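Reading through the structure tokens given below for one structure.
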Amino acid sequence: MTGKWSFLLCESADVQDGISQNELSEILGVDKGITPVAMKKLTEAGYIKRKTDPSDSRSYRLFLTESGIRIGQELGRLGRDHETMLTEGFSNGERDCLFSLLQKAAQNARRVND
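Position one of the sequence shown corresponds to residue 2 (my numbering), numbered consecutively onward.
This is how it looks when you write it as structure tokens:
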């Protein structure tokens with residue numbers, strides 16, 4: 002999943018205290034410059050709400066709206082369905098090996114980009 006929609010899959014935005022843009026960027030492994038642009042679009046679409054951070058009035062905490070929660074759940078379901086189709090016929094060991102290798106490749110890609 003790429004683009005602004007990947008932010009909706011981060012369940013951390015639905016916690017009671019919200020999440021900062023920096024925290025969200027770190028969790029998703031994306032450049033901090035990308036997050037504000039995506040958050041603006043998702044806020045305008047009604048999927049994210051921003052509230053001033055009570056401990057730092059210069060910062061915002063991000064929260065999923067009801068619409069954001071619904072579409073995030075649907076995107077998660079579609080992702081799981083897609084994963085199931087891609088790994089059809091794989092043993093559990095083969096699936097685990099694939100995911101392990103993909104995680105290593107993603108870590109390598111992040112190191113190259115840092």
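By construction, the Cβ of each residue, glycine as well, lies at the ideal position given by its N, Cα and C atoms.
Fair warning: this is a prediction, and the values are worked out from it, not measured in the lab.
Nonlocal neighbours in the same chain, by C-beta distance under 7 Å from residue i, ignoring five residues either side
| i | result |
| --- | --- |
| residue 52 | 19, 61, 62, 64 |
| residue 96 | 88 |
| residue 23 | 33 |
Where residue i falls, given that 16 or more other Cβ within 10 Å makes a residue buried
| i | result |
| --- | --- |
| residue 92 | exposed |
| residue 36 | buried |
| residue 103 | exposed |
| residue 26 | buried |
| residue 69 | buried |
| residue 39 | buried |
| residue 90 | exposed |
| residue 80 | exposed |
Reduced DSSP category for residue i - H, G, I as helix; E, B as strand; rest coil
| i | result |
| --- | --- |
| residue 92 | coil |
| residue 97 | helix |
| residue 33 | coil |
According to DSSP, residues forming a beta bridge with residue i
| i | result |
| --- | --- |
| residue 1 | Residue 1 lies beyond the residue range present for the chain, which begins at 2 and ends at 115; the question has no answer from this structure. |
| residue 49 | 65 |
| residue 20 | 63 |
Neighbourhood of residue i by C-beta, 8 Å cutoff - its chain only, sequence neighbours within 5 removed
| i | result |
| --- | --- |
| residue 113 | none |
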